[in-house]
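Participant: Protein chains in written order, with UniProt numbering: chain A, 1 to 330; chain B, 1 to 330.
There are 2 protein chains.
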Amino acid sequence: MTTIADVAKYTGLSRATVSRVINNYPHVSEQKRELVRQAMMELGYYPNSAAQSLRNQKTGIVAVLVPRLTNPFFTSIIEGLEVIAEKNNLQLLICQTKASKQKELSFLKLLKTKQVDGLIFTAIENEWSKIEPYVDCGPIILCNEYQDDATVPMIKLDQYNGSYMGTKHLIERGYKKIAFCGGGSESGLSLDRKKGFLAALSEAGIKGEDKWMFPFVYNIGDGKKVMKEILAMDDRPTAVFTSSDEVAAGIIKEAKDNNLTVPEDIAVIGFDDQAIAQIIEPEMTTIYQPSEEIGRVTMEVMIELLNNKAQSKMKMIYELPINLVIRKST
Amino acid sequence: MTTIADVAKYTGLSRATVSRVINNYPHVSEQKRELVRQAMMELGYYPNSAAQSLRNQKTGIVAVLVPRLTNPFFTSIIEGLEVIAEKNNLQLLICQTKASKQKELSFLKLLKTKQVDGLIFTAIENEWSKIEPYVDCGPIILCNEYQDDATVPMIKLDQYNGSYMGTKHLIERGYKKIAFCGGGSESGLSLDRKKGFLAALSEAGIKGEDKWMFPFVYNIGDGKKVMKEILAMDDRPTAVFTSSDEVAAGIIKEAKDNNLTVPEDIAVIGFDDQAIAQIIEPEMTTIYQPSEEIGRVTMEVMIELLNNKAQSKMKMIYELPINLVIRKST
DNA sequence: GTGAAAGCGCTAACAT
DNA sequence: ATGTTAGCGCTTTCAC
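1. With 16 other CB atoms within 10 Å as the buried threshold, where does Phe121(B) fall?
2. Can you pull the chain B neighbours of Thr75(A), defined as C-beta to C-beta under 8 Å?
3. For a contact meaning CB atoms closer than 8 Å, what does Thr113(A) contact in chain B?
4. I need the DSSP call for Leu119(A), collapsed to helix, strand or coil.
5. Can you confirm whether Ala249(A), when its beta carbon is compared against all beta carbons of chain B, has any partner nearer than 8 Å?
6. Taking Cβ-Cβ distances shorter than 8 Å, what residues in chain B pair up with Gln38(A)?
7. Contact between the region 282-296 of chain B and the region 133-142 of chain B: three or more CB pairs below 8 Å?
8. How is Phe197(A) classed by DSSP in three states: helix, strand or coil?
9. Please go through the region 178-232 of chain B and give each complete alpha helix (DSSP H) segment of 4 or more residues, from N-terminal end onward.
10. So, under 8 Å CB-CB, Val262(A) and Lys256(A) are touching, yes? Tell me the CB distance rounded to an integer number of Å.
11. Smallest Cα separation from Ile279(A): which of Ala51(B), Leu305(B), Ile251(B), Arg15(B)?
12. Between which residues of its own chain and Pro321(B) is the CB-CB distance below 7 Å, once the five residues before and five after are set aside?
13. Leu170(B) by DSSP, collapsed to three states: which one?
14. Determine whether the Cβ of Leu65(A) lies closer than 8 Å to any Cβ atom of chain B.
15. Measuring only between beta-carbons, confirm whether Ser53(A) sits less than 8 Å from chain B.
16. Put Asn56(A) into one of helix, strand or coil per three-state DSSP.
17. Anything in chain A within Cβ reach of Lys207(B), meaning under 7 Å, just list it in chain order.
18. Please report how far the alpha carbon of Leu201(A) lies from the alpha carbon of Phe74(A), in whole angstroms.
19. Under 9 Å, CB to CB, which of the residues in the region 233-257 of chain B have a partner in chain A?
20. Cβ of Gly295(A) within 8 Å of Cβ of Gly118(A)?
21. Based on the DSSP output, what are the partners of Thr285(A) in its beta bridges?
22. When Cβ atoms are compared, which residues of the region 108-141 of chain B fall closer than 7 Å to chain A?
23. Going by C-alpha to C-alpha distance, which of Tyr318(B), Thr286(B), Ile287(B), Thr285(B) sits closest to Val301(B)?
24. Report all residues from its chain with a CB closer than 6 Å to the CB of Ile61(A); omit the five preceding and five following residues, and keep chain order.
25. Taking 7 Å as the limit between beta carbons, can you name the residues of its chain near Glu229(A), skipping five residues before and five after?
26. How do the region 63-72 of chain A and the region 93-108 of chain A stand: do at least 3 beta-carbon pairs fall below 8 Å, yes or no?
27. Along chain A, in chain order, which residues have C-beta atoms closer than 7 Å to that of Ile22(B)?
28. How about Pro215(B) and Lys177(B): are their beta carbons less than 8 Å apart?
29. Decide if the region 43-52 of chain B is in contact with the region 102-113 of chain B; the criterion is three or more beta carbon pairs, one per stretch, under 8 Å apart.
30. Does Gln96(B) come out as helix, strand or coil in the three-state DSSP assignment?
31. Report the three-state DSSP secondary structure of Ile61(B) (helix, strand or coil).
32. Leaving out the 5 sequence neighbours to the left and right, which residues in its chain are closer than 7 Å to Asn258(A) when beta-carbon positions are compared?
33. Identify the contact partners of Ala275(A) in chain B, using a Cβ-Cβ distance below 7 Å as the criterion.
34. Just tell me which of Met314(B), Gly188(B), Tyr10(B) has its CA closest to the CA of Tyr45(B).
35. Under 8 Å between the Cβ atoms of Gly223(A) and Ala249(A)?
36. Is there contact between the region 125-139 of chain B and the region 127-137 of chain A, where contact requires at least three CB pairs shorter than 8 Å?
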């Protein structure tokens, strides 16, 4: 392995000068600078990043916690994060939590061990008090997810309004018996979606039915299960509000497999507006979330914090709009 | 920041002893071991990973290069890689190349700068000669992808046979005018798929038509484009062999949108057997690839190489089987 | 403009 | 069983 000392010896200069060239510092004569560059090439020298991290007390790496990489919504956020990260010479360390509290906590250790400079949650399982102790180790940001008691920046989408609009749309179409599929949590994103849903209902004088509320529904398989439960009911809903396009796709597929017509027999609205929304038949009405953009904004805030250690523990809330895309499933 | 020296001072022991406890080395009395553990807790000590990497000359991180995270086939490989990595205390560094030669090369630098111990390609854009210089920096493995002149382990799926089986199935169903959608490369995986396709054709005495060969086709949008081209033809194929379920989904959707019936007017076969294959109507005949398994096998080989520096440059080929899943689109 | 040297936090010989 | 110490490769004062 060739080190900075090798380059120094090879050029007859000191390690300090070589370092200055590596880091593009001024006060090196153009001639020596070129000499060093040449030597680095010839020797195939690359700075050892562990040594740099140790010395500089920073790694240039930011961790991103996602529940599941197989969900296109999260990979799309990552796309946005990556664009900005790359421009700023930051590496993303993508960590899959599988929605496990324990895994989440274990990835937080990356901050303690200085393996990363900052950390971004795109979903969060643990209550904030468990996360709190880590905020001293480097900037933490909540992206997409949010929690009332968190003391860090949160970049969120207007979930309340999103589900309010979606639900209102169903009501305007004449549906009154509306089921709701959501996540498990009774806070943050999940809670706001539920609130928006209920607000639209009550505004129209409709009472929500507990038996039509389905929590812990996340993917295609879950959607199929929900539809099966609905099919077994005597009093079936005529429309379903879902928490993701994947869930909606599962519901639609299962409905069709049981000879129901969408939206005549049952209307379904998705959430996210991923590719699948336009592949399935009927094409899906859904709530578009600017997932790449939320990623970009988040990383911009992260970079701000990284350069500005002072304010990293400030509670800030950025909210991006969300909108309804009407297609054929409602 | 609390360091090993703080723990040493706090316990009245030496840094060496503390280090021994951290790394679970023997020759420390149970009493002092407990004392140190207690102190680490109380002080909130976590070892600095940059210092460990520098000292140990290894990072415990393996890079995985994927073209696009939004393709479920690759995230599924990652799932497999991750399972085994986790068991062996390895971190994955997931790198998205966007199928760019330049990005690929730039990620290879991670090996040079010692930011990772090894690197896995799940697809490869550059010719092998460009990669070759990096094999000295740590184990490199080709997973899913392969190249004849590569001198490293390759874990591949039997692409030739997969596309042979798929094509034969189409022929047995009575289709003779068969289009082919593939990737861009004329080597490795892409080439083998083409070979398998052509072999099945020629075995049946069918001549492949150049005008029905579509290269550089990767996602839903590409699939739609291909279908549009087909629609514009005077002499249309009656079946399409595709390189992924996403492509097939795009083709099927576009066909239906133009009032063609699948498979009566045009049959379509996918590749991968992802979730979308069972969501679309008609449900898709496709070629199942054991994507998680190939990930697991790859990481097992990686771990072997990491422990066994000697043989990391050996050319080995592992081949996993692939099989046909017949549904309704053919 | 350039060099000498200290030290980032850790581990592993080697000594006791 | 425990401690002393050198050094991993790099950057950054502080001299000159």
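For each residue, glycine too, the CB sits at the ideal point set by N, CA and C.
This one's a predicted model, so the numbers in the text were calculated from it and none came from an experiment.
Facilitator: Taking the coordinates as given:
1. Residue mapping note: residue 121(B) aligns to position 121 of the second sequence, counting from 1. Phe121(B) should be labelled buried.
2. Within the first sequence, numbered from 1, the residue matching residue 75(A) stands at position 75. Ordered by position in chain B, the residues that pass the 8 Å Cβ test against Thr75(A) are Leu69, Thr70, Thr75.
3. On the first sequence, residue 113(A) is found 113 positions in, with the first residue counted as 1. Within 8 Å Cβ-Cβ: Tyr46, Pro47, Asn48, Ser49.
4. Here the question's residue 119(A) lines up with position 119 in the first sequence. Strand, per DSSP.
5. For the purposes of this step, residue 249(A) is taken as the residue at position 249 of the first sequence. Chain B contact via Cβ: present.
6. To locate residue 38(A), count along the first sequence from 1; it is residue 38. Those within 8 Å of Gln38(A) in chain B number zero; the least Cβ separation is about 18 Å.
7. no
8. Counted from its first residue, the first sequence places residue 197(A) at position 197. Correct three-state label for Phe197(A): helix.
9. 188-203, 220-231
10. For the purposes of this step, residue 262(A) is taken as residue 262 along the first sequence, with counting starting at 1. For the purposes of this step, residue 256(A) is taken as residue 256 along the first sequence, with counting starting at 1. So it is a contact: roughly 7 Å between Cβ atoms.
11. One-based indexing of the first sequence puts residue 279(A) at position 279. For Ile279(A), the nearest C-alpha among the options comes from Ile251(B).
12. Here residue 321(B) is taken as the residue at index 321 of the second sequence, counted from 1. Answer for Pro321(B): Asp158, listed in chain order.
13. The residue labelled residue 170(B) in the question sits at position 170 within the second sequence. Three-state DSSP puts Leu170(B) in a helix.
14. Working through the first sequence from its first residue, we reach residue 65(A) at position 65. Leu65(A) does not count as touching chain B.
15. Counted from its first residue, the first sequence places residue 53(A) at position 53. Interface residue, yes.
16. By 1-based counting over the first sequence, the position of residue 56(A) is 56. Reduced to three states, the DSSP call for Asn56(A) is helix.
17. For this step, residue 207(B) is matched to residue 207 along the second sequence. Correct list: empty, because the minimum Cβ distance to chain A is about 33 Å.
18. For the purposes of this step, residue 201(A) is taken as the residue at position 201 of the first sequence. For the purposes of this step, residue 74(A) is taken as the residue at position 74 of the first sequence. Rounded to the nearest angstrom, the two C-alpha atoms are 29 Å apart.
19. Glu246, Ala249, Gly250, Ile252, Lys253, Lys256
20. Against the first sequence, residue 295(A) aligns to sequence position 295. Against the first sequence, residue 118(A) aligns to sequence position 118. No, these two residues do not count as a Cβ contact at 8 Å.
21. One-based indexing of the first sequence puts residue 285(A) at position 285. The partner list for Thr285(A) (beta bridge, DSSP) reads Ile269(A).
22. Lys109, Lys112, Thr113, Lys114, Gln115
23. Working through the second sequence from its first residue, we reach residue 301(B) at position 301. Nearest option by C-alpha distance: Tyr318(B).
24. The count along the first sequence starts at 1 and reaches residue 61(A) at position 61. Excluding positions up to five away in sequence, the list reads Gln91, Leu93, Val116.
25. Stepping through the first sequence from its first residue, residue 229(A) is reached at position 229. If we look at Glu229(A) and ignore the five residues flanking it on each side, it has no Cβ neighbours.
26. yes
27. For this step, residue 22(B) is matched to residue 22 along the second sequence. Residues of chain A passing the Cβ test: none, with the nearest at roughly 11 Å.
28. For this step, residue 215(B) is matched to residue 215 along the second sequence. For this step, residue 177(B) is matched to residue 177 along the second sequence. No, these two residues do not count as a Cβ contact at 8 Å.
29. no
30. Position 96 of the second sequence, counted from the start, is the residue given in the question as residue 96(B). Of the three classes helix, strand and coil, the one that applies to Gln96(B) here is strand, per DSSP.
31. Position 61 of the second sequence, counted from the first residue, corresponds to residue 61(B). In this structure, Ile61(B) counts as strand in the three-state DSSP scheme.
32. As a working note, residue 258(A) is residue 258 in the first sequence. Leu231, listed in sequence order.
33. The residue given as residue 275(A) occupies position 275 in the first sequence. Neighbours of Ala275(A) on chain B, chain order: Ile220.
34. In the second sequence, residue 45(B) corresponds to position 45, counting from 1. Residue Tyr10(B) is the option with its Cα nearest to Tyr45(B).
35. Residue mapping note: residue 223(A) aligns to position 223 of the first sequence, counting from 1. Residue mapping note: residue 249(A) aligns to position 249 of the first sequence, counting from 1. Going by C-beta atoms, Gly223(A) is nearer than 8 Å to Ala249(A).
36. no
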